[in-house]
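Read through the structure below, which is laid out as structure tokens, and then see the notes.
Number of protein chains: 2
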Amino acid sequence: MPSRSDLANAIRALSMDAVQKAKSGHPGAPMGMADIAEVLWNTHLNHNPSNPDWVNRDRFILSNGHGSMLHYSLLHLSGYDLSIDDLKSFRQLHSKTPGHPEYGYAPGIETTTGPLGQGIANGVGMAIAEKVMGAQFNKPNLEIVDHFTYVFLGDGCMMEGISHEVCSLAGTLGLGKLVAFYDDNGISIDGEVEGWFTDDTQKRFEAYGWQVIPRVNGHDSEELLQAIETAKAESDKPTLVICKTIIGFGSPNKEGKEDCHGAPLGDEEIKLTRERLNWPHAPFEIPADIKDAWDANEKGAASESAWNELFAKYKVAHPELAAEFERRSSNELPANFDEKANKIIADVNEQAQTIASRKASQNSIEAFAAELPEFFGGSADLAGSNLTLWSKAQGISANDASGNYCFYGVREFGMSAIMNGIALHKGLVPFGATFLMFMEYARNAVRMAALMKQRSIFVYTHDSIGLGEDGPTHQPVEQIVSLRSTPNLDTWRPCDSVESAVAWKSAITRKATPSALIFSRQALDHQVRTAAQIADIERGGYILKDSVGTPAIILIATGSEVQMAMDSAEQLGDNVRVVSMPCTAIFDQQSAEYKESVLPNAVRKRVAIEACAKDFWFKYTGFDGAIIGMETFGESAPAADLYKHFGITVDAVVAAAKAL
Amino acid sequence: MPSRSDLANAIRALSMDAVQKAKSGHPGAPMGMADIAEVLWNTHLNHNPSNPDWVNRDRFILSNGHGSMLHYSLLHLSGYDLSIDDLKSFRQLHSKTPGHPEYGYAPGIETTTGPLGQGIANGVGMAIAEKVMGAQFNKPNLEIVDHFTYVFLGDGCMMEGISHEVCSLAGTLGLGKLVAFYDDNGISIDGEVEGWFTDDTQKRFEAYGWQVIPRVNGHDSEELLQAIETAKAESDKPTLVICKTIIGFGSPNKEGKEDCHGAPLGDEEIKLTRERLNWPHAPFEIPADIKDAWDANEKGAASESAWNELFAKYKVAHPELAAEFERRSSNELPANFDEKANKIIADVNEQAQTIASRKASQNSIEAFAAELPEFFGGSADLAGSNLTLWSKAQGISANDASGNYCFYGVREFGMSAIMNGIALHKGLVPFGATFLMFMEYARNAVRMAALMKQRSIFVYTHDSIGLGEDGPTHQPVEQIVSLRSTPNLDTWRPCDSVESAVAWKSAITRKATPSALIFSRQALDHQVRTAAQIADIERGGYILKDSVGTPAIILIATGSEVQMAMDSAEQLGDNVRVVSMPCTAIFDQQSAEYKESVLPNAVRKRVAIEACAKDFWFKYTGFDGAIIGMETFGESAPAADLYKHFGITVDAVVAAAKAL
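Shown next, in the form of structure tokens:
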């Protein structure tokens, strides 16, 4: 029977060997956290390697994602579909084992980590999802949602601001099934952290309302076992286990030093480490008894099977809830959703309201929420400005998580990364809002949603100088360009309530793409459309008003500037076409024929109008058109004064068109 | 003699009246913090309203910038050049009193605030600058740098992650002259904060190593006076004064509620508030005795005069240091800097090294640092990867701040906003580094530098898929577009060590523009240039290799893709021009003639090559060119494999050029 040390050393060996073979990577963290991982995975983690999608599995997240070989080693050893050959191709093209854990590459990777602090944020999101789903579905003695979320994190995560945002909220929400292990090794890339990081982390987390288990020897299995039991016994608070570890544990000349953090140990040092660890086996060779001791398939199958029995009972007792649970857990939309959505859009069209698109968005939320019990809203302390509350919205709290809304507080980045965790968990469709400007605080989480192909719906109001008096710190200029340049992100800037409803439908139905829905503070005129035009909104760009005959000029606009284009066309005559372009990403995906029908290549006299950074529009105007937009930051003044001041007016559009 | 309450009520009246007149704004915070402000400004703040630029003034920052009328009221009342008419035009175009405090608009505004959490971060930066300048210049009994930095902040700032980053670092660095006042009113925009914010803030800040003075009644002058004295007496730690306040204090029906946070009180409520506060005066009318009691000009002139005497003594004792202090405090570069910089560039050219541009950057830092004692470097825990250390770099610490480098820890956003505070303070030229990807964590601080016209130098290495194995979470694609779309920001992506040196020169000499300097992880070939070409680098774009006769095709490239363009031109023949375009922002500012000489309008066959998001380049290629770049996220693999995988190769460029 191999000892726990032997089992942990298997991780160390695989990690140092794979990094060495790849000639790049991070051996320090895997070697330092191997004992913690061994105890957690072999004694507590409830998972089934043969079914990584088992809905009630414990979630495991490596927030210090550079230590990816730790996670790959664990997956391989415990019996996931990740072979020794996969480990040998660590960090190579088309492998399942990229440099950082990437969601969708290796089975068992719950989220993509690497950008520090976001893993723990995703974990908070998963723990929220577990708590909410549990509150919505569990019945006495039929607790079908009942799993832990375990997170490993390092000094980097602890220093990042997002750790404050999400751990503070985790405390407030009493996430008792969240257990985090802090790899307190005293080393970051610049060396010993005492020069730049002297927090009393125990005190800090107690201030957040966490249970903290301090000074655990991260290389002592008994202490670790005890700590995990204490963590699991506390159901009202999240737990932080502060593990004192030695980075690169086992490397005679590099352990405890920065040297082993982000570079291969080197052949000679690896040889010495093998001796020190008493690990005589060749690289990538795991003795059968060690592999057997690690294998979690049998235990996992038993766990899942027990849960399946529980769920079968649940199904008998609560057939409708069970069906809903299965539907939601597999990210399926309700039956006939498309039809219902189109009805909602038709109703909005019929009402023909001239309202702010943020208000139109709220109306859409109200309508879609009635069809979508998995809707889970929120705002970073701007509910009344973002208009994210609806009649049935109910905030969650530590004591009652059966609601469908999170008051995230002033935590844009935390909210966004938490939403990604909620989406990854499955069962809820998260949306969360802030002002478009403060997307910037959360920007990398938006990117992570796109990279992970998660349906996080980011709602951004107050979209331009049109917000008026709050001034340049609040007026977006270049933010929309940043969003539109992001691969696999749908960025919508609707021009009225109909386009707003279509944007919401698109965001809900496009399951592998996050959406950024951008809305105005000020009222926007309703546009009259045919049924065919309404259908075309989903193509991202379409002819809102056509010319008589071939267009002499095409005006292209989005959002609040569409009415300006319509007014300009009115003045310019009937040879002018107006194209509304609420979502360029989706328009770009249309067939060449459709795109040519909207923007014929031969018609080069084009004017793009958008109260945002101009340069983006060269893509649609080329050199022979004109662009009416922003080239500077905004100013503080009433919106009408600003449009005039910055020359975004019907007169300017007409003049530009005539000059072509 | 007016009472302290009368003096504070003057702030309340001006604030509620100005918000009412503007029909928008935030009366709650000014009315809630009026007593704290009154005590601080009338008893402790060392400033001279007639000279807002006095170098040794205390700095005052309103981190909860939406409460701008508090600051404007203080400036008006204490005698700055901000008239009652200025207050009456609150939030109007071309006024000195925009919706949020904007640096450069009203005298006495030390930084632009509004984006929450960044004001306290700027304050930490100013306190670091004070400590470093003091350590570099002060002599026994001649402490010419000796001022406090006072920051007001609210619940929003406390929830934002950046407050964790900067307050943690402030504790580590022992910033004893930083005093923050927390407006603990229990209210944020969504209502009573207890639903989303339950931190024990005292404990949290004690965990950072701060002195915390808890439970101060924010409406009791005696308690406040005592607290400020205790704060100033502690020289080894920053101090947080936790002030319990009532938001909208004085409004009978709205105080203590969210209602008064972000909207005018309304005429009727204002009338009632006047009665409750016993403030019978008309809107914008301040009785003479109250104005007199507030006026700080006399005291301020005396303070400055005393300092002037001290500085005169210093000048006699240390004439050279005094001259350096004056030069640095006024943001002047050393004599002949331009000449010296050109010599550095010429030397780099002569060495003709083929090295990573991050290494070239380090060489530039080494060379420029020798000429620039005000250089103040740093990195967010990536010194060894960003290559930001130089031979004379010396980290600052709590006990010794005489150095020129800050180990910022893993705190990208905090670092960047701190750099802005350092730049605003004057005396140091800050640069700080991270990977280009993690610019996103700090993105809004970069924007704030541009908005405030501050010379913060942001160094970003690991600039593309060229970083290789770390994979898509670390490989920038769209980040450079976000930077280039930002008004008043110079974004450089140099192609070799010569362009790298020019980029550094530009960043140092362009005093009203921040720069983002983007460098590669991998080696880049040295390019051969004439002296005229080297001079043209400063124009942002120039002909690196010209065609024989009018170019049939122009290849445009930046950074690591310039050599690819050169190799492609080699294959394509002698009618091909290669344009290197390291800084599009500066190129766009050149004369029409120069731009036409580089990119003649008639030559439409252009191929842009950059291993980043493609769409940006339509601006320079129009519809009739081609763009070789990225349309998706990256992957984890060795760099060479990735360039091939994503089709960014000489073959692809040649094929695209031939297809035109």
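These protein sequence lines are chains Z and A, in that order. Just so you know, numbering that gives the first Met the number 0 puts the end of the first sequence at 659, numbered straight through with nothing missing. Just so you know, numbering that gives the first Met the number 0 puts the end of the second sequence at 659, numbered straight through with nothing missing. Note that CB positions come from ideal geometry on N, CA and C, so glycine has one too. Small disclaimer: the values here were computed from a predicted structure and weren't measured.
In this structure, N45(A) lies away from D182(A), with their beta-carbon atoms at least 8 Å apart. Residues of the region 632-650 of chain Z that bring their beta carbon within less than 8 Å of a beta carbon in chain A comprise F632, E634, S635, A636, P637, D640, L641 and H644, in sequence order. Of all residues in the region 598-615 of chain Z, those with a C-beta nearer than 8 Å to a C-beta of chain A are N600, R603, A612, D614 and F615, reading in chain order. Rounded to whole angstroms, the gap between the alpha carbons of T197(Z) and H163(Z) is 15 Å. Here W491(A) is bridged, per DSSP, to L516(A). Per the coordinates, the alpha-carbon of I507(Z) lies some 18 Å from the alpha-carbon of R446(Z). In the structure shown, L523(A) adopts extended strand secondary structure according to DSSP, grouped into three states. The bridge partners DSSP lists for F180(Z) are F151(Z) and V240(Z). Chain-ordered, the chain A residues with CB closer than 7 Å to the CB of Y440(Z) read N443. Residue state for P429(Z) is assigned as strand, using DSSP reduced to three classes.
Taking a cut-off of 8 Å on C-beta distances, the region 129-147 of chain A does not touch the region 643-658 of chain Z, as fewer than three cross pairs fall below it. Between the beta-carbon of P475(A) and that of D462(A) there is about 6 Å, and that keeps the pair under the 8 Å contact cut.
Contact residues of the region 159-173 of chain Z toward chain A are E159, G160, I161, S162, H163, E164, S167, L168, G170 and T171 (C-beta to C-beta distance below 8 Å). Comparing alpha-carbon positions, the option among N277(Z), G173(Z) and S67(Z) lying closest to S396(Z) turns out to be G173(Z). When secondary structure is reduced to three states using DSSP, Y104(A) falls in the coil class, being assigned neither helix nor strand. At a cut-off of 8 Å between C-beta atoms, I188(A) counts as an interface residue with respect to chain Z. A distance below 8 Å separates the beta carbons of Q210(Z) and T238(Z). Taking the beta carbon of E191(Z) as reference, no residue of chain A falls within 9 Å; the closest one sits roughly 10 Å away. Between the alpha carbons of S328(Z) and P51(Z) lies a gap of roughly 14 Å.
A351(A) is outside the set of residues whose beta carbon lies under 8 Å from a beta carbon in chain Z. For K253(Z), same chain residues with a beta-carbon under 7 Å away, outside a window of 5 residues either side, are G247, C259, L264 and E268 in chain order. Two segments are said to touch when three or more pairs of C-beta atoms, one from each, lie closer than 8 Å; by this definition the region 371-388 of chain A does not touch the region 113-124 of chain A. Taking the CA atoms as reference points, F367(A) sits about 7 Å from A340(A).
The three-state reading of DSSP puts V131(Z) in helix, counting H, G and I together. When 7 Å is used as the limit between beta carbons, D199(Z) is near these residues of chain A: A206, in chain order.
At a Cβ-Cβ threshold of 8 Å, G66(A) and S635(Z) do not count as neighbours. Judged by beta-carbon spacing, L13(A) lies beyond the 8 Å limit of S77(A), meaning their Cβ atoms are not closer than that value. Here V652(A) carries a helix assignment [DSSP, helix/strand/coil]. No Cβ-Cβ contact shorter than 8 Å links I456(A) with C611(A).
The C-alpha of V18(Z) lies about 39 Å from the C-alpha of D346(A).
Within chain Z, not a single residue places a beta-carbon under 8 Å from that of K130(A); the smallest gap is close to 15 Å. In chain order, V476, E630, T631 and F632 make up the part of chain A whose C-beta sits under 7 Å from the C-beta of P486(Z).
If you compare the alpha carbons of L39(A), A334(A) and V606(A) with that of A655(A), the shortest gap goes to V606(A).
Counting only runs that start and end inside the region 47-89 of chain A, the beta strand (DSSP E) elements of at least 3 residues fall at 58-61. Burial state of A316(Z) is exposed, judged by a 10 Å Cβ sphere holding fewer than 16 other Cβ atoms. Following the DSSP letters along the chain, one finds G299(A) inside the alpha helix (DSSP H) bounded by residues N296 to A316.
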